[in-house]
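Some notes on the structure that comes next.
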Amino acid sequence: MSNSSDMSSAGDASSTTGMADAGPDRVVLITGAGSGIGAALARRIAAPRTALMLHARGADDEARQRLAQVAADCGANGARCATVFGDLAERGAAEHVIHQTLASFGALDQLVANAGHAQRQTLNALDADVFSAAFAAMPAAFAALVKRATPALETSKRGRVVALSSFVAHRYRVDAPFAATAAAKAAIESLAKTAAAELAPHGVTVNCVAPGYTRKDRGPSADNASVWTRAAEATPLGHVAEPADIAALIAFLLSDEARHITGQVIHIDGGLTLG
1 MSNSSDMSSA GDASSTTGMA DAGPDRVVLI TGAGSGIGAA LARRIAAPRT ALMLHARGAD
61 DEARQRLAQV AADCGANGAR CATVFGDLAE RGAAEHVIHQ TLASFGALDQ LVANAGHAQR
121 QTLNALDADV FSAAFAAMPA AFAALVKRAT PALETSKRGR VVALSSFVAH RYRVDAPFAA
181 TAAAKAAIES LAKTAAAELA PHGVTVNCVA PGYTRKDRGP SADNASVWTR AAEATPLGHV
241 AEPADIAALI AFLLSDEARH ITGQVIHIDG GLTLG
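Going by full-length UniProt numbering, the first residue of the sequence shown is number 1, and it counts up by one from there.
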């Protein structure tokens with residue numbers, strides 16, 4: 001089964017694919033699942049007895065169709081899928097996403113806070129609106145997601161939270177300024193460590209993954225070969241990551257094998273932050 005909802009029509013649902021009988025072994029919410037790392041992760045972990053709530057901002061029909069395709073692909077692999085739309089920067093959106101997950105599946109075991117954006121801007125050029133928008137969409141949204149999800153996570157036997165940070169919170173160069181994004185991602189890392197400490201008594205792990213340059217499948221830079229050539233040249237290993245590379249690490253952190261890893265920021269950047 002699959003259903004979809006957004007902030008304006010929480011009851012709007014349509015059935016598609018997925019398992020129909022036995023309940024899932026785990027329920028995973030992935031924000032920003034319509035493309036890139038989020039979509040790669042959803043496709044990687046989709047399997048029978050896994051339920052996926054896939055979120056996207058859903059700004060236009062194309063974005064909604066992309067998420068629907070990810071859900072269809074995951075359903076074809078046996079997962080039970082539902083989709084939800086909403087701008088996490090808006091007040092109440094994070095709570096709505098968690099509510100829809102619980103309403104759809106009756107549980108929430110694992111949360112992957114992947115939704116976010118990067119914007120090049122110097123500190124000197126930074127204005128208050130851009131700064132506020134970055135914090136609303138990333139650390140504030142992450143905090144709201146975790147807060148609303150905590151009661152469900154605390155009762156789960158496989159409680160996991162993974163947040164997406166970025167190399168920009170650790171690598172500062174005058175030729176690649178990300179003032180607001182870097183601050184927002186650093187705040188996510190701090191919040192994740194706080195959450196790790198608070199949730200540890202309940203067996204819930206909380207970690208951050210900090211990718212380096214990672215190839216995009218949409219957006220202005222996706223087809224700009226010179227951008228990716230420069231990114232590869234800046235990376236010690238000599239190539240940029242694919243979304244699947246990042247998804248593999250997140251999938252491990254969600255697994256039972258990673259049950260003793262918490263409060264960490266794990267870099268997967270081809271050596272970009274070595275020096």
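Ideal Cβ placement from N, Cα and C applies to all residues, glycine included.
As the structure is a computational prediction, the values presented were derived from the model and not from experiment.
- Exclusion of the five residues before and after residue 252 leaves 258 as the residues of its chain whose Cβ lies within less than 6 Å of its Cβ.
- Between the C-alpha atoms of residue 50 and residue 27 there is a straight-line separation of about 6 Å.
- Note on residue 150: 16 or more other CB atoms within 10 angstroms of its CB, so buried under the neighbour-count rule.
- Under the three-state reduction of DSSP, residue 176 is assigned to strand.
- When secondary structure is reduced to three states using DSSP, residue 139 falls in the helix class.
- Boundaries of the alpha helix (DSSP H) around residue 43: 36-45.
- The beta carbon of residue 42 sits closer than 7 Å to those of 30, 33, 52, 54, 70 and 74, all from its chain and outside the five residues before and after it, given in chain order.
- The three-state secondary structure of residue 48, taken from DSSP, is coil.
- Taking the Cα of residue 267 as reference, the smallest distance to any Cα among 250, 59, 76 and 146 is reached at 250.
- Residue pairing by DSSP places residue 265 opposite 208 in a beta bridge.
- Bounds of any beta strand (DSSP E) do not take in residue 97; it lies within the alpha helix (DSSP H) bounded by 93-105.
- Looking only at 46, 131 and 85, the smallest Cα-Cα distance to residue 62 is reached by 85.
- Residue environment: residue 65 is assigned as exposed (fewer than 16 neighbouring CB atoms within 10 Å of its CB, all protein chains considered).
- Under the three-state reduction of DSSP, residue 148 is assigned to helix.
- If the five residues before and after residue 265 are omitted, its C-beta is found closer than 7 Å to the C-beta atoms of 165, 189, 208 and 210, all from its own chain and listed in chain order.
- Taking the C-beta atoms as reference points, residue 274 is found no nearer than 7 Å to residue 212.
- Taking a cut-off of 8 Å for Cβ pairs, the segment 164-179 and the segment 222-233 do not touch, as fewer than three such pairs fall below it.
- Your pair residue 145 and residue 94 checks out as a contact, with CB atoms roughly 5 Å apart and the cut at 8 Å.
- Counting the other CB atoms within 10 Å of its CB gives residue 48 a total below 16, which places it among the exposed residues.
- Counting C-beta atoms within 10 angstroms of its own C-beta, residue 114 has 16 or more neighbours from the protein chains shown and is therefore classed as buried.
- DSSP places residue 225 in the helix class (H, G or I) of the three-state scheme.
- Distance from the Cα of residue 269 is smallest, within the candidate group 234, 205 and 181, for 234.
- Judged by beta-carbon spacing, residue 181 lies within the 7 Å limit of residue 118, meaning their Cβ atoms are closer than that value.
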